[in-house]
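Asker: Attaching a single structure in C-alpha cells format; questions to follow.
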Amino acid sequence: MLFIAEIGLNHNGNLDLSYELIKQAKYAGADIVKFQLGWRGEKDEMNYMNLETLKILKRWCNYMDVELMTSIFTPQAYSLAKEVGFKRYKIASRTLKDNPELVKEIISEEKQTIISLGMWDEDHPPFLENDNIKYLWCKSMYPASPWDLIDFPKCFTDSHLSGYSDHSIGIEIPLLAISRGAQIIEKHFTLDKSDNTIRDHVLSATPDEFKILTQLGKNIYRNFKLGI
C-alpha cells in the first residue's frame, strides 16, 4: 500500500504551514506528501514555488523520513522538478489532456509516474502499460458526490488501475477502493477544513482522519491479499 497526502495548494503559500502539514501527514501514516507545481503559473504569487522553496521542503521531508512528490503541470515545472530531483512524478489528468507531449517526455525519464485519469474518457489507458506507469481512477469534481461515483471500479486488480485519487468528502470511498484492490490512495490533506481560501480544504482529510484511513486501509488491504 502507498498512501499519498495531497497537500496541493493547502499550504496557502505559507512555509511554516507547509512544514506542519508535512509533519502531521507523516505522523498520520503518509508515505508521500505531494504539492502542486505550476498549476496556476508564476502569476499565482501565493502558491508559486521556486527552486529554493522546493529544496527547503525536500530537506524537511528527508528529515521527517517522508517522500516529497509534486504534480507537474507545465514544462517549466518539470524543469524545476528535475533540478530538485524526485523519486517519482505525479501527472494530473488536466496535464494529460492539455499537454500529452509533456507527459510522454516525463515518462521517457523512466521514473515511476503516477497518472490520474479523471479527465480521460477512453476505456483504454493513454499509454502502453509498463512497471513505471501507475494509473489512478479519479473523478475531477470538487467535491465528488456519491452519485458522481456511480461508475466506481468494482475491482482494481482486474484492470490497468493501480489505485484511486479521491475528491470525495470523508474517507469511506478510499477505504472502499482498498477493499476492491487499490494499492495507491491519494487523499487531499489539511489542518483546517473550515479554511475557505481554496475549495480543496473542505474535501481534505484532517490528520486524525488520515490516520484512521492509513490504519484501517492497511488492515483491509492485508485481508484483501489473503483472498477474504
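Taking this note's numbering, the leading residue of the sequence shown gets 2, the next gets one more, and so forth. We put the beta carbon where it would ideally sit given N, CA and C, even for glycine. All values derive from a computational prediction rather than experimental measurement.
#1: Quick one: grab the DSSP three-state call for residue 119.
#2: Can you check which of these residues, 208, 137, 229, is closest to residue 21 by C-alpha distance?
#3: Please name the residue in 49, 126, 151 whose C-alpha comes closest to that of residue 160.
#4: Enumerated in chain order, which unbroken segments of the beta strand (DSSP E) with a length of 3 residues or greater are wholly contained in the stretch 14-97?
#5: Residues in the same chain with beta-carbon distance under 6 Å from residue 191, minus the five sequence neighbours each way, listed in chain order, please.
#6: Give the C-beta separation of residue 94 and residue 38 to the nearest angstrom, bearing in mind that I take them to be a contact with Cβ-Cβ under 8 Å.
#7: Of the choices 9, 24, 158, whose alpha-carbon is the least far from that of residue 226?
#8: Residue ranges of each beta strand (DSSP E) run of no fewer than 3 residues wholly in the stretch 123-180, ordered along the chain?
#9: Terminal residues of the continuous alpha helix (DSSP H) containing residue 199?
#10: Excluding the five sequence neighbours on either side, which residues of its own chain have a C-beta within less than 6 Å of the C-beta of residue 29, listed in chain order?
#11: Counting Cβ pairs, one atom from each stretch, are 3 or more of them under 8 Å apart for the stretch 58-75 and the stretch 213-222?
#12: Assuming residue 103 is part of the alpha helix (DSSP H), what are its boundary residues?
#13: What's the C-alpha gap between residue 43 and residue 228?
#14: Span of the beta strand (DSSP E) holding residue 218?
#15: Less than 6 Å between C-beta atoms, sequence neighbours within five positions excluded: which residues of the same chain meet that for residue 33?
#16: Please look up how many angstroms separate the CB atoms of residue 116 and residue 143, rounded, as I've assumed it's under 8 Å.
#17: Can you tell me whether DSSP reads residue 3 as helix, strand or coil?
#18: Quick check: residue 133 and residue 114, are their CB atoms within less than 8 Å of each other?
#19: To the nearest whole angstrom, what separates the beta carbons of residue 162 and residue 138, a pair I think is in contact under 8 Å?
#20: With distances taken from CA atoms, which of 14, 186, 109, 179 is nearest residue 131?
#21: If you count every other CB in all the chains shown that lies within 10 Å of the CB of residue 111, and 16 or more means buried, which is it?
Answerer: According to the structure data:
#1: On the sequence shown, residue 119 is found 118 positions in, with the first residue counted as 1. Residue 119 falls in the coil class under three-state DSSP.
#2: For this step, residue 21 is matched to residue 20 along the sequence shown. The option with the nearest alpha carbon to residue 21 is 208.
#3: For the purposes of this step, residue 160 is taken as the residue at position 159 of the sequence shown. Out of 49, 126, 151, 126 has the C-alpha closest to the C-alpha of residue 160.
#4: Here the runs fully enclosed are 33-38, 68-73, 89-92.
#5: Translated into positions along the sequence shown, residue 191 becomes position 190. Only 11, 202, 205 meet the Cβ criterion.
#6: Against the sequence shown, residue 94 aligns to sequence position 93. Against the sequence shown, residue 38 aligns to sequence position 37. The C-beta separation of residue 94 from residue 38 comes to about 16 Å, leaving the pair out of contact by the 8 Å criterion.
#7: As a working note, residue 226 is residue 225 in the sequence shown. Selected option, being the one with the closest Cα: 158.
#8: The qualifying runs are 134-139, 162-167.
#9: In the sequence shown, counting from the first residue as 1, residue 199 sits at position 198. If you look at residue 199, you'll find it isn't in any alpha helix (DSSP H); DSSP assigns it neither H nor E.
#10: Locating residue 29 in the sequence shown gives position 28, where the first residue counts as 1. Excluding positions up to five away in sequence, the list reads 208, 211, 212.
#11: No, the stretch 58-75 is not in contact with the stretch 213-222.
#12: For the purposes of this step, residue 103 is taken as residue 102 along the sequence shown, with counting starting at 1. For residue 103, the uninterrupted alpha helix (DSSP H) run begins and ends at 101-108, by DSSP.
#13: As a position in the sequence shown, residue 43 is number 42, starting the count at 1. As a position in the sequence shown, residue 228 is number 227, starting the count at 1. Note that residue 43 scores a pLDDT of 49, beneath 50, so its modelled location is shaky and nothing firm can be said.
#14: By one-based count along the sequence shown, residue 218 stands at place 217. For residue 218, no beta strand (DSSP E) segment is defined; the enclosing uninterrupted segment is the alpha helix (DSSP H) at 208-226.
#15: On the sequence shown, position 32 is the one that residue 33 refers to. Cβ within range, chain order: 5, 68, 70.
#16: Residue numbering aside, residue 116 sits at position 115 when the sequence shown is read from its first letter. Residue numbering aside, residue 143 sits at position 142 when the sequence shown is read from its first letter. Approximately 19 Å separates the beta-carbon atoms of residue 116 and residue 143; this is outside 8 Å, ruling out the contact.
#17: Counted from its first residue, the sequence shown places residue 3 at position 2. Three-state result, residue 3: strand.
#18: Here residue 133 refers to the residue found at position 132 of the sequence shown. Here residue 114 refers to the residue found at position 113 of the sequence shown. Against a cut-off of 8 Å, the Cβ pair of residue 114 and residue 133 comes out as a contact.
#19: Against the sequence shown, residue 162 aligns to sequence position 161. Against the sequence shown, residue 138 aligns to sequence position 137. Beta-carbon to beta-carbon, residue 162 and residue 138 are separated by about 5 Å, close enough to satisfy the 8 Å threshold.
#20: Taking the sequence shown and counting its residues from 1, the one referred to as residue 131 is at position 130. For residue 131, the nearest C-alpha among the options comes from 109.
#21: Translated into the one-based positions of the sequence shown, residue 111 becomes position 110. So residue 111 ends up on the exposed side.
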